Amino acid sequence: ASTPASAPAGMKRRAPPGCAARSYGSGATPPSRHTSSTQNRQGSALPPSWNPTWPCAVSAGEVKVRLTAKAGSVDEAEGMIAPLATEVHRRLGDVVFSLDDETLEQAVSRLLLAWRRRLACAESLTGGSVGARMTAAEGASKVFVGSAVVYTAEAKHRVVGVSTETIDGPGVVGRECALEMAAGARR
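For what it's worth, the working numbering labels the leading residue of the sequence shown as 25, then goes sequentially.
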């Protein structure tokens, strides 16, 4: 089946019957906020329908909008879904990372591999969950270097080199600290 022509570069462009658009959000954001945000982006102009349907599911920092239709044939079902898929994708825009059942970590791994890049993380509040998700993707060792979990101020300083000036000044929760943690992960 074809997908919207406006799919971002690097995104998978095939959508099987019963297509799924996946978008991202902060893992720390409560599921109700993810769902509300996605539904707000979809807008109220999408009328309720029993066929096709477009329920939202929220899990692990993702919102999945699954479009399904019941019809006499696959072609007929795809025809019912196509205009709705185009409109949902238009409204969700740049937060859509897959029009398939590809997970966020699979999409990140695929793009890193295509761009010949690697990922290293310094995590604090996430407690290693970014690293855990990345290593769950097949072939992660080709693109994922690793993750330093530095929760305390002392660990941020010793492991990734956050300056005492930043720790004592703006503090460990803020832009300055995040930038120094990122620089430390790159080393």
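Every residue, glycine too, gets a C-beta built ideally from N, C-alpha and C. Because the structure is a prediction, the values reported are computed rather than measured.
Output yes or no for whether 8 Å exceeds the beta carbon distance between residue i and residue j.
i: Cys-201; j: Val-186; result: yes
i: Thr-92; j: Thr-77; result: yes
i: Gly-193; j: Tyr-175; result: no
i: Arg-210; j: Ala-144; result: yes
i: Pro-107; j: Arg-90; result: no
i: Ala-84; j: Ala-146; result: no
i: His-113; j: Val-119; result: no
i: Glu-86; j: Leu-128; result: yes
Any idea which residues DSSP pairs residue i with across the strands?
i: Ala-146; result: Ala-172
i: Thr-92; result: Thr-77
Where residue i and residue j are concerned, what is the direct C-alpha to C-alpha distance, given to the nearest angstrom?
i: Glu-189; j: Ala-172; result: 21 Å
i: Trp-74; j: Ala-95; result: 12 Å
i: Thr-62; j: Ile-191; result: For Thr-62, the predicted model reports a pLDDT of 48, less than 50, meaning its position is unreliable; a value from the coordinates is still stated below. Approximately 36 Å, taken between the alpha carbons.
i: Phe-168; j: His-181; result: 23 Å
i: Lys-88; j: Gly-208; result: 33 Å
i: Arg-115; j: Val-197; result: 33 Å
i: Gln-66; j: Ser-97; result: In this predicted model, Gln-66 has a pLDDT of only 47, less than 50, meaning its place in the structure is not dependable enough to derive any value.
i: Gly-155; j: Gly-103; result: 40 Å
i: Gln-130; j: Arg-141; result: 14 Å
i: Leu-203; j: Ser-133; result: 23 Å
i: Leu-123; j: Val-82; result: 16 Å
i: Ser-153; j: Glu-178; result: 20 Å
i: Gly-170; j: Gly-117; result: 30 Å
i: Asp-125; j: Arg-157; result: 16 Å
i: Ser-148; j: Ile-105; result: 41 Å
i: Gly-195; j: Thr-159; result: 30 Å
Given 8 Å, three or more beta-carbon pairs between the stretch 155 to 166 and the stretch 128 to 139:
yes
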